[in-house]
Amino acid sequence: MSDTVPTRPSRIQLTLDLDAPGRNVGDLMLRWSDNTVPLGYHPIPVISLRGQPGPCVVILGGTHGDEFEGPTAILRLAARLEPSALAGQVILVPALNAPALHASARVSPLDGQNLNRAFPGDADGGPTAMLAHFVETRLLPRADAVIDLHSGGKASVFDPCALATRVEDADLATANMDLARAFGLPLIWVLGGHNDNRSVNAAAARVKVPMIAAELGGGGGVDPEITDLAETGLMRCLRHLGVLPGGAPAPVPARHVEIADPLHSVYAPADGLFDRRCSAGQHAEAGRCAGTLYFPEEPERAPIELGFPATGHILAHGNRGLVRRGDLLALVAQSLPEER
Ligand SMILES: [Zn+2]
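Using numbering that gives the first Met the number 0, the first residue of the sequence shown is number 0, and each one after it goes up by one.
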């Protein structure tokens, strides 16, 4: 994977002018001729709120289409923010992977691809690659900060946290961590060597724009408390960046964790019914029971008790009863000393 940003022109057009003042609502026009939209485009709604001169903040949700807390919080912001109150611009994309959101699916129904594994994308590729390419070459370069809201989707449930990428550029690393702190959740997941370089986070690092993601619960629904946390986090970030008045938000003590080793997590060793005995946010103790795998189609087969391979913090638990061999059942992270 090249680290250079692709330069071929995007095929995606906008129906709105992102440089126009005030409130402007329109679409990214994702032209992908298929049976559902043979000659038109797949709309990806965008809300631009542009006030006085100041930083441009891009806020993304629905990168995965079965994660609804972020899109909900973004639409709350679209309803409550007035451009005249902003020192800068907020570009809201509540459903970046709109076709996936409409299908309530993690990946795009247009090509089966995962948008957060599609960067830097391809101007001439399939619809997911075209979208990733547009974000990396057109949207991120105009941003002074980017926030991408995720959750566990239908498959899993996360302990709510902000994610900051550890990058070599010291100023960018500090800006990422400051933005993660500003979001105000008591847990920060630091993305290091195990981060996928095909994600929005990796794209932002290439473009050198400060960026955080957030993991906001999950399960395929909309938890009101978690949506409140997301909305509060976004408003805090806008204050931190100076787009909203009020000064820097009050600091919130946060625990910092990282995935030290993917093998510290618990995976299903076979297809079966997982009787989960742990939850996101809890402490994992090496050797302690994470749950029991039963075999409903083979009742004579002995169940398998699954222990934690390592001590740590349970960042997420699987949300499925019936699991496949290889499914993630519990994501275990290790604490870090607080970074500066
Ligand atoms: Zn996601």
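Virtual Cβ for every residue (Gly too), placed ideally from N, Cα, C.
Asked	Found
Quick check: what's the CA-CA separation for residue 21 versus residue 265?	49 Å
Does the distance from the C-beta atom of residue 73 to that of residue 90 stay below 7 Å?	no
Hey, residue 150 and residue 69 are a contact pair by Cβ (cut 8 Å); roughly how many whole angstroms apart?	7 Å
I think residue 46 touches residue 77, with their Cβ atoms under 8 Å apart; what is that distance to the nearest whole Å?	5 Å
Look at the alpha carbon of residue 170 and the alpha carbon of residue 206, and state the distance between them as a whole number of angstroms.	14 Å
Any heavy atom of ligand 1 closer than 6 Å to the Cβ of residue 297?	no
With a cut-off of 7 Å, give the chain-ordered residues whose Cβ is closer than this to any heavy atom of ligand 1.	62, 63, 66, 115, 149, 150, 152
In the structure shown, what three-state DSSP assignment does residue 220 receive?	coil
Check for me: the beta strand (DSSP E) holding residue 186 runs from which residue to which?	186-190
Alpha carbon to alpha carbon, how far is residue 238 from residue 339? Give it in angstroms, no decimals.	With a pLDDT of 44 at residue 339, under the threshold of 50, the modelled position of that residue is not reliable, and the figure given next carries that caveat. Going from the Cα of residue 339 to the Cα of residue 238 covers about 20 Å.
Around the Cβ of residue 315, are there at least 16 other Cβ atoms within 10 angstroms (buried) or fewer (exposed)?	buried
Going along the chain, which residues of its own chain have a beta-carbon closer than 6 Å to the beta-carbon of residue 109, five neighbours each way excluded?	31, 98, 126
Please list the segments of the beta strand (DSSP E) lying wholly inside the region 192-263, counting only runs of 3 or more residues, in order along the chain.	210-214, 254-257
On the DSSP bridge assignment, give the partners of residue 112 in chain order.	DSSP lists no partner for residue 112.
If distances are taken between C-alpha atoms only, which option among 106, 161, 279, 324 comes closest to residue 293?	324
The alpha helix (DSSP H) with residue 127 in it runs from where to where?	126-133
Per the DSSP calculation, residue 21 is bridged to which residue(s)?	49
Hey, out of 216, 290, 258, whose CA is closest to residue 303's CA?	290
From the DSSP output, in three-state form, read off residue 68 for me.	helix
Which residues mark the beginning and the end of the alpha helix (DSSP H) in which residue 101 is found?	97-101
Check whether the region 137-152 touches the region 227-243, taking contact to mean three or more Cβ pairs, one atom from each stretch, closer than 8 Å.	yes
Give me the Cα-Cα distance between residue 9 and residue 191, rounded to the nearest whole angstrom.	30 Å
In whole angstroms, what separates the C-alpha of residue 321 from that of residue 247?	45 Å
Less than 6 Å between C-beta atoms, sequence neighbours within five positions excluded: which residues of the same chain meet that for residue 17?	47
Which of helix, strand or coil does DSSP assign to residue 275?	strand
Any idea what DSSP makes of residue 35, helix, strand or coil?	coil
If you run the structure through DSSP and keep just helix, strand and coil, what is residue 73?	helix
To which residues of the same chain is residue 106 closer than 7 Å at the C-beta, ignoring the five residues directly before and after it?	99, 112, 113
At 4 residues or longer, what runs of the alpha helix (DSSP H) sit wholly inside the region 298-332?	none
Does the beta-carbon distance from residue 311 to residue 328 come in below 7 Å?	no
Of the choices 300, 319, 158, 51, whose alpha-carbon is the least far from that of residue 332?	158
Apart from the five residues just before and just after residue 276, which ones in its own chain have a Cβ nearer than 8 Å to its Cβ?	288, 289, 290, 291
Might you give, ordered along the chain, the residues of its own chain that have their beta carbon closer than 8 Å to the beta carbon of residue 5, omitting 5 neighbours on each side?	Reliability of the predicted coordinates at residue 5 is poor, the pLDDT of 49 falling under 50, and the value obtained from them is presented with this limitation in mind. For residue 5, where only same-chain residues beyond five positions count, the Cβ hits under 8 Å are 119, 120, 121, 122, 132, 135, 136.
With DSSP as the reference, label residue 44 as helix, strand or coil.	strand
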